[in-house]
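Remarks on the structure that follows.
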Amino acid sequence: MASLITLGLSQIMVGTAAPDGTMPTAALTKIGKTYKDTCKMAQDASDVTEHFEEGRSAPEVRKKAKKIPALTFSIMDPDEAFLAKYVGGSSDAAKGWGFDGTEVVANVALKVETEQGLDISIPNADVEAVINADFSAKGIFLVDFTVTPCAVSSGKAIWAKAKTAK
Numbered sequence: 370m371a372s373l374i375t376l377g378l379s380q381i382m383v384g385t386a387a388p389d390g391t392m393p394t395a396a397l398t399k400i401g402k403t404y405k406d407t408c409k410m411a412q413d414a415s416d417v418t419e420h421f422e423e424g425r426s427a428p429e430v431r432k433k434a435k436k437i438p439a440l441t442f443s444i445m446d447p448d449e450a451f452l453a454k455y456v457g458g459s460s461d462a463a464k465g466w467g468f469d470g471t472e473v474v475a476n477v478a479l480k481v482e483t484e485q486g487l488d489i490s491i492p493n494a495d496v497e498a499v500i501n502a503d504f505s506a507k508g509i510f511l512v513d514f515t516v517t518p519c520a521v522s523s524g525k526a527i528w529a530k531a532k533t534a535k
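Going letter by letter, the sequence shown gives residues 370 to 535 in the working numbering.
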């Protein structure tokens with residue numbers, strides 16, 4: 370078996386969510402400038418239920434419920450339209466970005482393109498984006514993302530596929 374090494378972020382692409390599970394290919398655009406070394410995917414440990422017989426330390430039965438991996442990253446230097454689309458709110462040419470917390474953010478299709486190895490595709494991704502801005506002289510305006518794959522009607526909620534040789 371050949372070894373596969375996955376490393377480096379090339380870009381993060383987004384498009385219209387596909388609850389049917391079919392990942393869009395042509396209609397994806399770059400989400401923005403991903404802040405260096407912030408893109409990570411992690412999976413929490415399973416929820417475990419164990420049942421024990423009285424007086425015994427080994428479980429009679431052990432049931433695990435796996436958790437889906439989540440993706441986190443930060444985008445730097447957003448504009449008003451970006452904030453409205455991902456954090457919520459509205460963008461007005463005269464007033465700028467407005468937010469009151471009641472706005473709903475739509476799911477997206479999201480693809481992480483790596484420099485080599487596996488690319489990650491999420492056809493129906495819930496996006497939670499929060500502002501993380503530091504207005505000091507050395508600070509930066511970031512939007513921190515937590516992306517959770519949501520169920521689809523056909524197929525899988527998340528895919529990892531090796532790049533094809535060029």
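Using N, Cα and C, we set each Cβ at its ideal position, and we do this for glycine too.
Mark residue i as exposed unless 16 or more other C-beta atoms lie within 10 angstroms of its C-beta, in which case mark it buried.
i    : result
N501 : exposed
A462 : exposed
V499 : exposed
Is residue i near the ligand PLP, in the sense that its beta carbon is under 7 Å from a heavy atom of that ligand?
i    : result
K507 : Looking for the ligand PLP in the displayed structure turns up nothing, as the structure carries no ligands at all.
For residue i and residue j, what's the separation of their Cα atoms in angstroms?
i    : j    : result
S379 : L511 : 19 Å
V383 : V417 : 34 Å
A475 : S372 : 38 Å
K409 : Y455 : 18 Å
D406 : G377 : 9 Å
A395 : T385 : 11 Å
G508 : A529 : 34 Å
A387 : L440 : 18 Å
V477 : E484 : 22 Å
A520 : A494 : 9 Å
D503 : I444 : 14 Å
G524 : I437 : 15 Å
K480 : F421 : 43 Å
T375 : T403 : 18 Å
K399 : A427 : 51 Å
E423 : E429 : 10 Å
F468 : P447 : 15 Å
L397 : T533 : 19 Å
G390 : I381 : 19 Å
Residue i: which of the options sits nearest, CA to CA?
i    : options                   : result
P361 : D503, V516, K507 and I491 : Summary: the structure shown does not reach residue 361, with the chain confined to residues 370 through 535, and so no result is reported for it.
E472 : I400, E419 and A453       : A453
A547 : G401, T533 and T517       : Outside the modelled stretch of the chain, which goes from 370 to 535, sits residue 547, for which no answer is possible.
K432 : T391, S523 and A414       : A414
D488 : T391, I527 and G401       : I527
Give the secondary structure of residue i by DSSP, where H, G and I count as helix, E and B as strand, and everything else as coil.
i    : result
A520 : coil
E419 : strand
F468 : coil
A450 : helix
Contact defined as beta carbons within less than 8 Å: I believe residue i pairs with residue j. What is the distance between those atoms, to the nearest angstrom?
i    : j    : result
F514 : F442 : 5 Å
E449 : G470 : Rounded, the Cβ-Cβ distance is 17 Å, inconsistent with contact.
G486 : A531 : 7 Å
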